[in-house]
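Under numbering that gives the first Met the number 0, the first residue of the sequence shown is numbered 0, with each subsequent residue one higher. Don't be surprised by glycine CBs; every beta carbon is placed ideally from N, CA and C.
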Amino acid sequence: MKKEKVHDNSQHITRKFGPAYLALKNKITIYILTGMLVVFGLFSYVQMPRESFPEIAVPYVFIQTIYPGNSPVDIENLITRPIEKELKGMDGVKQVSSASYQDVSTIVVEFNTDVEIKQALQDTKDNVDKARSDLPGDLEDDPLVMDLDFSEFPILNVNISGDFSMRDLKKYAEILQDEFESLPEISEANIRGIDDREIQVNVDPYKMEARGITYDDIALALQMENVTIGAGEFTADQTRRVVRTEADYTNMDQIRNTIIKLNEGKPVYVREVADVVDGYKEKSTISRLDNRPVVTLALVKKSGANILDATAKIRNILDEQVEQGYLPRNLEIIVTDDMSTYIKNDIATLENSIIMGMILVIFVLFLFLGFRNALFSGLAIPMSMFISFVILDQMGITLNSMVLYGLILALGMLVDNAIVVVENVYRLHGLGYSTLSATKKGVSEIAYPIISSTLTTLAAFVPLMFWEGIVGEFMGILPQTLIVVLASSLFVALVLNPPFIARFMKIDDIRRKVDWKKTVKHAVILTAIAAVFYLAKIYLLGNLIMTVALLMVLNVLVFRPWARWFQTRFLVWLENFYERQLRSALTGWKPILYFGGTFLLLVVSIWFYGVRQPSVVFFPSTDPQTIYVTMELPLGTSIDRTDVVSRQVEDIINRTLEPYQSIVKSVTTSVGNGKGGMFENDQSPNKSLTSISFVEFKLRDGINTAEIMRELSGNLRGFVGAKIFVEQEENGPPVGADVNIEVSGDDFEQLIKITDDFMNRINRDNIPGLEELKLDINVNQPEMLVKVDRDKARRYELSTQEIAMALRNSLYGYDVGDFKDGEDEYDIFIRLKEEYRNDVSTLMNQKLMVEGNSIPISALADFEYSSTYDKVNRIDHKRVLTISSNVTEGFNANEVNARIRQVLASYEMPGGYDYAFTGEQQEQDESSDFLLFALLVAVALIGLIMVTQFNSFIRPMIIMITVLFSTIGVFLGLAIFKMEFVIIMTGIGIISLAGIVVNNGIVLIDYIDLMRKRRRDELNYSEGAFLPVKEEIECLVIAGKTRLRPVLLTAITTVLGLVPLAVGFNFDFITLYTHFDPDFSLGGESVAFWGPMSWTVIFGLSFATFLTLLIAPVMYMLTIRINYRIKKWTGMLPEENQPQAEIGEAKS
0 MKKEKVHDNS
10 QHITRKFGPA
20 YLALKNKITI
30 YILTGMLVVF
40 GLFSYVQMPR
50 ESFPEIAVPY
60 VFIQTIYPGN
70 SPVDIENLIT
80 RPIEKELKGM
90 DGVKQVSSAS
100 YQDVSTIVVE
110 FNTDVEIKQA
120 LQDTKDNVDK
130 ARSDLPGDLE
140 DDPLVMDLDF
150 SEFPILNVNI
160 SGDFSMRDLK
170 KYAEILQDEF
180 ESLPEISEAN
190 IRGIDDREIQ
200 VNVDPYKMEA
210 RGITYDDIAL
220 ALQMENVTIG
230 AGEFTADQTR
240 RVVRTEADYT
250 NMDQIRNTII
260 KLNEGKPVYV
270 REVADVVDGY
280 KEKSTISRLD
290 NRPVVTLALV
300 KKSGANILDA
310 TAKIRNILDE
320 QVEQGYLPRN
330 LEIIVTDDMS
340 TYIKNDIATL
350 ENSIIMGMIL
360 VIFVLFLFLG
370 FRNALFSGLA
380 IPMSMFISFV
390 ILDQMGITLN
400 SMVLYGLILA
410 LGMLVDNAIV
420 VVENVYRLHG
430 LGYSTLSATK
440 KGVSEIAYPI
450 ISSTLTTLAA
460 FVPLMFWEGI
470 VGEFMGILPQ
480 TLIVVLASSL
490 FVALVLNPPF
500 IARFMKIDDI
510 RRKVDWKKTV
520 KHAVILTAIA
530 AVFYLAKIYL
540 LGNLIMTVAL
550 LMVLNVLVFR
560 PWARWFQTRF
570 LVWLENFYER
580 QLRSALTGWK
590 PILYFGGTFL
600 LLVVSIWFYG
610 VRQPSVVFFP
620 STDPQTIYVT
630 MELPLGTSID
640 RTDVVSRQVE
650 DIINRTLEPY
660 QSIVKSVTTS
670 VGNGKGGMFE
680 NDQSPNKSLT
690 SISFVEFKLR
700 DGINTAEIMR
710 ELSGNLRGFV
720 GAKIFVEQEE
730 NGPPVGADVN
740 IEVSGDDFEQ
750 LIKITDDFMN
760 RINRDNIPGL
770 EELKLDINVN
780 QPEMLVKVDR
790 DKARRYELST
800 QEIAMALRNS
810 LYGYDVGDFK
820 DGEDEYDIFI
830 RLKEEYRNDV
840 STLMNQKLMV
850 EGNSIPISAL
860 ADFEYSSTYD
870 KVNRIDHKRV
880 LTISSNVTEG
890 FNANEVNARI
900 RQVLASYEMP
910 GGYDYAFTGE
920 QQEQDESSDF
930 LLFALLVAVA
940 LIGLIMVTQF
950 NSFIRPMIIM
960 ITVLFSTIGV
970 FLGLAIFKME
980 FVIIMTGIGI
990 ISLAGIVVNN
1000 GIVLIDYIDL
1010 MRKRRRDELN
1020 YSEGAFLPVK
1030 EEIECLVIAG
1040 KTRLRPVLLT
1050 AITTVLGLVP
1060 LAVGFNFDFI
1070 TLYTHFDPDF
1080 SLGGESVAFW
1090 GPMSWTVIFG
1100 LSFATFLTLL
1110 IAPVMYMLTI
1120 RINYRIKKWT
1130 GMLPEENQPQ
1140 AEIGEAKS
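This is the structure we're talking about:
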């Protein structure tokens, strides 16, 4: 077909886009700028810290006060309440929660997210200082006030073991601890499995009584002798010298031979009344790895640290310490729970999904636009990403899964603008415009619509940036990434790309005959170059060059013939088919039928989705990477007894895991620790935690770790004498248990009664899927209550405090100084010998010295055995008890909570007491409300932008109805494929969908307006006049047919960009090019986590493409008809339309 020559200064250039004209005038500058952005982008990408999930920066302030020798209730009254009283009037506080334990008060102040953490910390310190006068006068240390940083968490454990004494293992652990803590990335290295060294002065009460010695006598003697004091300076023989008395304890005999006092002129030595032992503090933890005792160092990273760099340095330290002889070569060192492994896998999966998505997107562009034009459009992908990496790095954002998923979600969208520009320029070039004029006209025609469409997409994500709380901090990186990437893509499409298009675009390259000789020549040269790299064993470059050579050959043999058939036959057929369908839909009464049928389909899809009773969850569940088995024995159980029972539990665990040994990475046990919550100190001798780590998903040979967890739960369910809980790691931010019921009030006894009633009711109902209910306190903490007879005590001039401190010194003991061993210092601690500490008779009969007389404590006080609470929890100044439970794998937490609500609905709460579902349910409700609000705000912003662009209410309404109809695809897709409705992921997917669907609608509607305006100009009609029916239809058909390719392209590229992640298509390009191993696999944790959001967009966008191409023109035609009738009835028809037949009555 002969093309009509069009002059470059055509009168149809009705718009001019200044930035593109400026870029075209300064091509060299743009070329240099592009190169600089590539370099800076690569640099930013390489040096950005890597982590699985973004660092959470919610302002929390932690207050800890230690007051030894006091019960939880005493701690509450003496410490917690006075501090809480001063915190009450602080600004910006969201919640104050506290826990009063034996000897310790902890308070956590959560501030609103708009409060700066430094200001929150300072305000809290100021208010705690105000409370100091109300705290006990004998409080040894002031309350510790510090901010809580969620980004500081353990990144790996270093376990050491071997044929060594515990003291040697401790020494080696301390050597490593010093090295690790010297790293700038490491906050602390905590040693577990062995306790700190301690010099113990274990007193014999009978020997002490026989010699008339008291604790204070021993303490004073040791303190007076264990000193280093500077006395000043003096000058002698013209030399100025410093005078210093040095008498620090450096060996055991010095302590043993210390004289306490003289009895009748005879010295009493420490060794006569006490055993001096070089030992360890009371055992608090026991660690095992695969049934072997180990000493563990848990390494915690600093905020903002690069985990991959940190773990690499840690492993280097381990190697260097062995090579340099600081650690023996036969010391077994095993690294477990290495976060860097998971991070590398997560990031590699997402990076490979990006690469695969790019390949699919560029291949589709090639089919639609040809090789050169596909490159022009595809250039937007890496360029937008390079610019984004520079900006995100400057914003202090790490490279995490949220950022990478944002890039994947934007993958199809960020080429949309480039596609529309390139396709429009290509079309004009085909009409006879020179490349420069086609570029100027093509960019100018489309610039403002795509700016508007991009702004509408950004408007969909802007509200998500104001998401508060932990979930908001967790998910907030996603909209930030999308906004940066899409804004970058707009800059690329309208500024960077035009000079390249004007310089390199050619027409009809798909029909051009290929120079076979030239192709073969280039392929042979590249193969020879690759062979050189292979011989040099540089496989990466060799494989890359061979890939280029192979693609050159495949392009000639396969890709070009496919593209030629696709462009010259399939697309031509598709355009003609679309034209026929659209013409048919626009004539007569069919527009009403099409619109009504679509609306009916929306109603049916919602009904069908409701009938299928979809499972609604907060965050998606994945196959466990780690399973935690927590065991809890009755309070008061010794750590040694807990260790015995823990080994029995481990035997069951090992028998269960025996068939799955091929996928088990490690089994670690920590006796003396529980799993704990976000702010919970869960260290207790009656608890143990066993962690089972599995290899990564692709190495599991199809074994489902969720099934292993269910089997493990079943095998442990009948264990007698201990509470056992089996859980997996949390997905997403920490939000609490699946079931979490907080009961608040003042009286503890009443609270216990209510919670007992609740638990009995729930357990009687036998709710399927509910694991064992837990109460967050233990009401049976064994205690011995000593009651002092004040009258008797005062007769001997003794106070209750003196008697209490005597008991405390006997049991708990006290620190009387430091023992020096080289550069290290260790506590010297006095207390009763262990055999006497556990003997009630000895405790109560020990003598108090009063004016030379000894009086037994039993003469002044009685005791009784009772039970108390292990802690007192408070939230917002009210006492709170919490009932919690997880939900068994395979059951829905929302359904379980709904059933519990029904069970508790009939319970009559006493006055002043209340209960609420918190934890995950509270976060879910708050997130649902926010997402609904964000959707409404996004719709309002999108509508405002479109009204501003079109200066019309009708056009934006057409596009917004298209967005509403796009949910048909979402509901039908989720229902047909029986997918869960994941509140966070599906909700964000729907909001994203709204922004994406609007794009094509704006471009199409704007072009329809442009075609109608041009046709009115050609017919000399006034602004606002109606065209003849056939002309109206023709404008709609031409606009639809013209925009068919870009609309299809933008939809297909967006969908294909998400498909690799949605289906879990894992293809490792790095290992393919370095080791000839593609490491291909399907599925994985990323699919379970990101799949719901991906499928939401895929389902909705696939259906919305049909709506944009067919229903949007139909709705446009309906608005023309309605507008025509209104103006006719009101007598406001333009002059040109007076004799015209009614549009609604016209025949095509």
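### Query
Taking the beta strand (DSSP E) that L847 falls in, what are its first and last residues?
The residue you call residue 847 lines up with position 848 of the sequence shown. L847 -> beta strand (DSSP E) spans 846-849.
### Message
So, at 6 angstroms on beta carbons, what are the nonlocal neighbours of D336 in its own chain, with the 5 sequence-adjacent residues on each side left out?
### Response
Here residue 336 refers to the residue found at position 337 when the sequence shown is read from its first residue. Here the set comprises L155, N156.
### Proximity winner among G1090, E822, F1098, P1045, relative to Y425 (alpha-carbon distances)
Your numbering for residue 425 matches position 426 in the sequence shown. Ranking G1090, E822, F1098, P1045 by Cα distance to Y425 puts P1045 first.
### Task
Counting only the same chain and skipping the five closest in sequence on each side, list residues whose C-beta sits under 7 angstroms from that of A459.
Along the sequence shown, read from residue 1 onward, the residue named residue 459 stands at position 460. Within the same chain, Cβ atoms closer than 7 angstroms to the Cβ of A459 are found at A937, I941, I990, S991, A993, G994, the five residues on either side in sequence being excluded.
### Assigned exposure category for F1025 - 16 Cβ within 10 Å defines buried
Translated into the one-based positions of the sequence shown, residue 1025 becomes position 1026. Label assigned to F1025: buried.
### Query
What are the boundary residues of the beta strand (DSSP E) that M145 is part of?
Numbered from 1 along the sequence shown, position 146 holds the residue referred to as residue 145. Annotation for M145: the continuous beta strand (DSSP E) segment containing it runs 143-147.
### Straight-line gap, A1140 to N423 (C-alpha atoms, nearest Å)
One-based indexing of the sequence shown puts residue 1140 at position 1141. One-based indexing of the sequence shown puts residue 423 at position 424. In this prediction, A1140 has a pLDDT of 45, which is less than 50 and means its spatial position is unreliable; what the coordinates show is noted afterwards. Whole-angstrom Cα-Cα distance: 35 angstroms.
#### Entry: Span of the alpha helix (DSSP H) around E173
Mapped onto the sequence shown, residue 173 falls at position 174. Its alpha helix (DSSP H) spans residues 165-180.
### Task
Could you name the residues that DSSP lists as bridge partners for S245?
Taking the sequence shown and counting its residues from 1, one reaches residue 245 at position 246. Looking at the sequence shown, residue 245 is not Ser but Glu. Beta-bridge pairing links E245 to T227.
### Query
Is the beta carbon of I691 less than 8 angstroms from the beta carbon of V666?
Sequence index remark: in the sequence shown, residue 691 carries index 692 (1-based). Sequence index remark: in the sequence shown, residue 666 carries index 667 (1-based). Yes, these two residues count as a Cβ contact at 8 angstroms.
### Message
Does the region 1029-1042 come into contact with the region 652-669, if we say contact requires no fewer than three beta-carbon pairs (one atom in each stretch) closer than 8 angstroms?
### Response
no
### Task
Could you give the DSSP three-state label for S683: helix, strand or coil?
By 1-based counting over the sequence shown, the position of residue 683 is 684. Note: S683 maps to strand in three-state DSSP.
### Query
Taking the runs of the beta strand (DSSP E) that are 3 residues or longer, which of them lie wholly in the region 57-141?
59-65, 92-100, 103-110
### Message
So, for I753: in the same chain, excluding its five sequence neighbours on each side, which residues have a beta-carbon less than 6 angstroms away from its beta-carbon?
### Response
Along the sequence shown, read from residue 1 onward, the residue named residue 753 stands at position 754. Excluding residues within five positions, the ones whose Cβ falls inside 6 angstroms are V742.
### Query
Among the residues of its own chain, which have a CB less than 6 angstroms from the CB of I354, if the five just before and after it don't count?
As a first step, residue 354 must be located in the sequence shown, where it is residue number 355. Within the same chain, I354 has close Cβ partners F1068.
### Query
Which residues in the same chain have their Cβ closer than 7 angstroms to the Cβ of Y171, if we skip the five residues on either side of it in sequence?
Stepping through the sequence shown from its first residue, residue 171 is reached at position 172. Closer than 7 angstroms at the Cβ level, and outside the excluded window around Y171, lie I159, L326, L330.
#### Entry: Other residues of its chain near I702: CB distance less than 7 angstroms, five sequence neighbours each side excluded
For the purposes of this step, residue 702 is taken as the residue at position 703 of the sequence shown. The answer, listed in chain order, is Y659, I662.
### Task
Figure out for me which residue from L592, L810, S443, A230 has the closest Cα to the Cα of D838.
As a first step, residue 838 must be located in the sequence shown, where it is residue number 839. Closest option to D838, Cα to Cα, is L810.
### Message
Taking 8 angstroms as the cut-off, does the region 851-861 touch the region 784-803 (at least 3 CB pairs, one atom from each stretch)?
### Response
yes
### Query
Taking C-alpha atoms, which residue in M908, S687, F499, I960 lies nearest to Q749?
Residue mapping note: residue 749 aligns to position 750 of the sequence shown, counting from 1. Among M908, S687, F499, I960, the Cα nearest to that of Q749 belongs to M908.
### Message
So for P1045, helix, strand or coil by DSSP?
### Response
The residue you call residue 1045 lines up with position 1046 of the sequence shown. P1045 falls in the helix class under three-state DSSP.
### Task
From the DSSP output, in three-state form, read off N759 for me.
To locate residue 759, count along the sequence shown from 1; it is residue 760. Reduced to three states, the DSSP call for N759 is helix.
### Task
Using 10 angstroms around the beta-carbon of Y906, count the other beta-carbons present and answer buried if the total reaches 16, otherwise exposed.
The residue you call residue 906 lines up with position 907 of the sequence shown. By the 10 Å Cβ count, Y906 comes out exposed.
### Query
Is A297 helix, strand or coil when you go by DSSP?
Translated into the one-based positions of the sequence shown, residue 297 becomes position 298. Correct three-state label for A297: strand.
### Ordered list of alpha helix (DSSP H) runs contained in the region 1008-1076, each at least 4 residues
Annotation: the region 1008-1076 contains the following complete segments of the alpha helix (DSSP H) (minimum length 4 residues), in chain order: 1028-1041, 1043-1062, 1068-1074.
### Message
Just to confirm the assignment, what range does the beta strand (DSSP E) spanning R328 have?
### Response
Stepping through the sequence shown from its first residue, residue 328 is reached at position 329. No beta strand (DSSP E) contains R328, which DSSP labels as neither H nor E.
### Query
For the beta strand (DSSP E) that contains V421, what are its first and last residues?
The residue given as residue 421 occupies position 422 in the sequence shown. Per DSSP, V421 belongs to no beta strand (DSSP E); it is in the alpha helix (DSSP H), 415-429.
### Query
Which residues bound the alpha helix (DSSP H) around D650?
Residue mapping note: residue 650 aligns to position 651 of the sequence shown, counting from 1. Where D650 is concerned, the enclosing alpha helix (DSSP H) stretches over 638-656.
#### Entry: Residue from N672, V628, D756 with nearest C-alpha to I652
The residue given as residue 652 occupies position 653 in the sequence shown. Cα-wise, what sits closest to I652 is V628.
### Cβ-Cβ distance between M1151 and T455 below 8 angstroms
This structure does not reach residue 1151, given that the chain is present from 0 up to 1147, and the question cannot be answered.
### Query
Which residue's Cα is closest to the Cα of G34: S487, F385, A119?
Taking the first residue of the sequence shown as position 1, residue 34 is located at position 35. Of S487, F385, A119, the residue nearest in Cα terms is F385.
### Message
Using a Cβ distance threshold of 8 angstroms, determine whether the region 439-447 contacts the region 897-905, with at least three qualifying pairs required.
### Response
no
### Query
Grouping DSSP H, G and I as helix and E and B as strand, with all else coil, what is N372?
Along the sequence shown, one-based indexing puts residue 372 at 373. Correct three-state label for N372: helix.
#### Entry: Burial state of S452 (16 or more Cβ within 10 Å)
For this step, residue 452 is matched to residue 453 along the sequence shown. Classification for S452: buried.
### Message
Let me make sure I understand the geometry here. Which of M945, L296, A792, F149 has the alpha-carbon closest to that of P958?
### Response
By 1-based counting over the sequence shown, the position of residue 958 is 959. Position check: residue 958 holds Ile in this sequence, whereas Pro was assumed. Looking at the Cα atoms, M945 is the closest of the given residues.
#### Entry: DSSP beta-bridge partners of G278
Counted from its first residue, the sequence shown places residue 278 at position 279. E197, per the DSSP bridge assignment.
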